[in-house]
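Following: one structure in structure tokens, then a few remarks.
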Amino acid sequence: MAGLTPMMQQYLEIHEQVKDAILFFRLGDFYEMFFDDAITASRELEITLTGKDCGLEERAPMCGVPYHASENYIAKLIEKGYKVAICEQVEDPKQAKGLVKREIVRVISPGTVNDGKLLQGKNNNFLMSIYYNMTDFGIGIVDVSTGEFRTSQVIRAKNPKEKLLDEIAKYKPSEMIVNTVLFKDKWLMENIEKRFDSYVNILQNKYFNLESSKDIIKEQFSVYSMTGLGIEADEYSIRASGALLTYLQETQMRALSHIDKLQRYVVDEYMAMDLSTRRNLELTENMRTNDKKGSLLEVLDKTQTSMGGRKLKDWIHQPIIDVENINYRLDAVGAILEDVSLQLKLEKDLKNIYDLERLISKISFGNCNGRDFLSLKNSLSMIPSLKETLSSLDSDYLQKLNTQLDTLEDIRDLIEKSIHPEPPISVKEGNIIRSGYNEEVDYYREINVSGKDFILNLENAEKEKTGIKSLKIKFNKVFGYYIEVTKTNLDLVPENYIRKQTLANAERYYTEELKDIESKILNAEEKVIDLEYDIFQEIRNIVLESVQRVKKSAEIISIVDVLFSFAKVSYENNYVKPIVYSGDEILIYEGRHPVVENMMDKKDFVPNSVSLDCNDNRMLLITGPNMAGKSTFIRQVAIITLMAQIGCYVPAEKAKIGVVDRIFTRVGASDDLALGQSTFMVEMSEVSNILKNATHNSLIILDEIGRGTSTFDGLSIAWSVAEYIHDKEIIGGKALFATHYHELTQLEALLEGVKNYCIKVQENQDGVIFLRKIIPGSADQSYGIEVAKLAGLPEQVITRAREILMGLESSEDAKVPPRKTKEPQHPKAEVNLFNYQDKQIIEDLKALPIEDMSPIEVMNYVYNLRKKIN
Ligand SMILES: Nc1ncnc2c1ncn2[C@@H]1O[C@H](COP(=O)(O)OP(=O)(O)OP(=O)(O)O)[C@@H](O)[C@H]1O
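Written out as structure tokens, the structure is:
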């Protein structure tokens, strides 16, 4: 723009490259923002907005943040959903003639944060790309902070949209990139945007181009063809991965060398779960607070390393279905459990290992310092001991892992002998290379040290020579070394002193000798800092050649850590090894809910057994009063099954688990008002998803479906859903069905696979006592009023409710009995429950051949009747 200052012109030109980001423009010790960015940033970060002369009549709005504190500010903007482009000075401002060269070095978006404040407390930070074409899809996922890159594809799935949502739910990425076909799919986009708190970028088709994707994949992973990665036949994986890499290259600018391995996985090799099942079972987050507290993850997480913590979360979200692999894991847990002293030793070894995955990516990115190298060395030093422990454990899996575990002694020794034991934070301050590693560094350091001694000696000599006792040799950045003499001693100053500066009370001088020493010292100081920096970079490059080895060891350590965690939690909570096999049965003897149990005194939790199969016991109908423990029981069956399938021992006395391919849950009123749907609508969509996707091998958990609508509608729906799931021709999977509709218990007599169970309560004169024990049969009462009493409803309301209930249960025409209290303001208490007077209806009802009618016919009749009387 004409009239603009050159710097402002440069600013605008650079901003053109990243129009959608806030540009952090490096100016000395600050990042400055101008124009609209400044207005946005000052508002969002609550920092002062000023103005800068930009060559135009009006000053440009401007605000800035100090470089050293920028991480916090960037974190804040990313959290609020902005992208930030970092623009650095690429030449030394002191050396530059005219305008300093600047360029964007990185664009940070929610999915590409690699370290710093935003990652604190976060287990992962996924960026996901999706290539979707209505029937198939491919995905690529990367955790930029560790460099882990995965890809998969699903071809001609029965319900590709649901399957895609399941995969997104597995990772809950911070950011997604999607192709235009997906963007145009209104239903999918709406669900993605509403269900996931993710930043969505729509990329043009060229990003997903097959040929250019292959090229960029080959380049990134150093392979000659897709065969080397095992994805030659996976067109959709290639497209999604290609787009992901292109996007990363465009935004990250700097080397992505830490992303060096592509992991292909097959979606169907894992148990599938949709987002609401993950939420309902509170796998990694508590449903109400959205944090780890109160989740299965919290109970199982005894990992000692951050890598192990991430791996555990990954395993919980991806239970496996391969029986052999599950048993491999279970045997390993057993081996660790068997020997308590080895378990303790393992804990100690693991505890001292830092996050190798993040350390190595920090080193790849170049934002590392001497302390990171020391952490790396200290962690690697633990590997020999870890190997020794593993070799004593009697498990094929652990032995296999141990043989693959590289001790990386060469790297450890290199760091040991080269890096200073107490390096500073900055790599440009010196003191980063250990003495004795490099002769040149030692030589200059010696000059530096002895030079400072020379200065002291010179100071003493000059004091003696001149007789000025207060004479001092000092140093400052502007003048270097100088001799300072107070005004009272000026007459003693010898002739060879050359004046440098006059102060109010003193004069400053230098001598030829002082200058000589100074130049030696300063040169040596500068030299050694530069030299140390170069050597540090050389060491970094050597370490980088072993990135793959470090990552492999990190992966193994993370797996060992999870297995250790399973053993520790099983030991502390008395979990047992389940028998996992590929049959139909789920038999749990005296099972417990791991999270509910953990929240109370353990002895107070009442264990319960279950027997499910795909024949006579394929649908268990659980009735029982409110608060009896129905939801806890049915969820615990799902959680125990899931725990077994991730390779963990289970909270029970005995368990035999036939692996399931999916767990479905429809639990309680998880109304999603944010989704703009009513409670009932959400419930029905979830049920619909179950009915469309469940198979013979699925485990289905239904908690009070139909509750969100009128009793008859709800009962009819619950009834027909139960029939549909029970039907072997359609689904025939294993199901647990908790309900308050006592009418449903009639199904036991009608369908061969249905069994009734209820939860025992005891009555006494004060109300009910919950025994929490599940027994065969159906509950006779719902005890809703007793529970309401326990909840503290006023006595008057409770007494009146009992009266009404008795009236409803006893009187033929179900009238609400009159109130005994006199409350004149209110309408008369005598209300006809159904408000029907029509004698004919009563006659019809009396004549109804109810014994010959099926329950559905009865319900339809009642339903129509209700319509009539309304
Ligand atoms: N087996 C058990 N042992 C001990 N306490 C239990 C057990 N099961 C459940 N509880 C306790 O009872 C509370 C209520 O359980 P839950 O929500 O499962 O009941 P519910 O029958 O589903 O109730 P509602 O029908 O009102 O939803 C739980 O929060 C837990 O504290």
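Number 879 marks the last residue of the sequence shown (the working numbering); no jumps. Cβ atoms here follow ideal geometry from the backbone N, Cα and C, with glycine treated the same way.
query: For ligand 1, any of its heavy atoms closer than 7 Å to the Cβ of Arg-297?; result: no
query: Within its chain, find whatever has a CB closer than 6 Å to the CB of Leu-682; leave out the 5 residues flanking it on each side and keep chain order.; result: Its pLDDT being 40, under 50, Leu-682 is placed unreliably by the model, and the measurement read from it follows with that caveat. So the list is empty, once near-sequence residues are dropped.
query: Could you name the residues that DSSP lists as bridge partners for Arg-35?; result: Tyr-40
query: Cα separation between Thr-398 and Arg-454?; result: 43 Å
query: For Tyr-452, which option in Lys-426, Glu-25, Lys-536, Glu-521 has the closest C-alpha, if you only look at C-alpha atoms?; result: Lys-536
query: Select from Ser-401, Ile-164, Leu-355, Glu-547 the residue whose C-alpha is nearest the C-alpha of Gly-379.; result: Glu-547
query: Within a Cβ cutoff of 7 Å, which residues of the same chain sit near Glu-527, ignoring the five residues on either side of it in sequence?; result: Gly-489, Tyr-490
query: From Arg-644 to Gln-313, what distance separates their C-alpha atoms?; result: 28 Å
query: In chain order, what residues have a CB nearer than 5 Å to some heavy atom of ligand 1?; result: Phe-614, Val-615, Asn-635, Met-636, Ala-637, Gly-638, Lys-639, Ser-640, Thr-641, Arg-781
query: Using 8 Å as the threshold, is the C-beta distance between Lys-396 and Glu-425 below it?; result: no
query: Determine the contact status of Phe-43 and Tyr-76, defining contact as a CB-CB distance below 8 Å.; result: no
query: Going by DSSP, what residue range makes up the alpha helix (DSSP H) through Ala-645?; result: A small fix is needed here, since residue 645 is Gln in this sequence, not Ala. Residues 639-655.
query: Mind pulling the alpha helix (DSSP H) runs of 4 or more residues that sit fully within the stretch 725-779?; result: 756-759
query: Check for me: the beta strand (DSSP E) holding Thr-632 runs from which residue to which?; result: 628-632
query: Across which residues does DSSP place Cys-63 in a beta bridge pair?; result: Bridge partners of Cys-63: none, in fact.
query: Buried or exposed for Trp-324, going by 16 or more other Cβ atoms inside 10 Å?; result: buried
query: Can you list, in chain order, the residues of its chain whose CB lies under 6 Å from that of Glu-493, leaving out five sequence neighbours each side?; result: Lys-481, Lys-483, Ala-515, Arg-517
query: Taking Cβ to Cβ, would you say Leu-191 is nearer than 8 Å to Ile-148?; result: no
query: Rounded to whole angstroms, how far is the Cβ of Lys-184 from the Cβ of Asp-283, which I believe are closer than 8 Å?; result: Reading off the sequence, residue 184 comes out as Glu, not Lys. About 21 Å; that fails the 8 Å criterion.
query: Apply the 10 Å Cβ neighbour rule to Trp-728 and answer buried if 16 or more other Cβ atoms are within range, or exposed otherwise.; result: buried
query: Should Pro-881 be labelled buried (16 or more other beta-carbon atoms within 10 Å of its own) or exposed?; result: Here the chain has residues from 10 to 879 only, and residue 881 is not among them.
query: Please state the DSSP three-state secondary structure of Asn-698.; result: helix
query: By the DSSP assignment, the beta strand (DSSP E) with Pro-75 in it spans what residues?; result: 69-75
query: In the DSSP assignment, find the beta strand (DSSP E) that holds Val-589 and state where it starts and stops.; result: 588-590
query: Name the DSSP bridge partner or partners of Leu-621?; result: Ile-595
query: Would you identify the three-state DSSP class for Tyr-141, choosing helix, strand or coil?; result: strand
query: Applying the 10 Å Cβ sphere with the 16-neighbour rule, what's the burial state of Asp-38?; result: exposed
query: State the Cα-Cα distance for the pair Ile-648 and Ala-661, rounded to the nearest angstrom.; result: 12 Å
query: Can you tell me which of Tyr-82, Ile-783, Ile-456 puts its alpha carbon nearest to the alpha carbon of Gly-633?; result: Ile-783
query: Classify Gln-834 as buried or exposed, calling it buried when 16 or more other Cβ atoms lie within 10 Å of its own Cβ.; result: Its pLDDT being 41, under 50, Gln-834 is placed unreliably by the model, and the measurement read from it follows with that caveat. It is exposed - the Cβ of Gln-834 has fewer than 16 other Cβ atoms within 10 Å.
query: Which same chain residues end up closer than 6 Å to Glu-97 when comparing Cβ atoms and leaving out the 5 residues on each side of it in sequence?; result: Arg-35, Val-114
query: Could you check where the alpha helix (DSSP H) with Asn-336 kicks off and where it finishes?; result: 332-347
query: Taking only the alpha-carbon atoms, compute the straight-line gap between Asp-175 and Glu-356 and give it to the nearest angstrom.; result: 34 Å
query: Residues in its own chain within less than 8 Å of Leu-13 by CB, not counting five upstream and five downstream?; result: Leu-21, Cys-63, Gly-64, Leu-65
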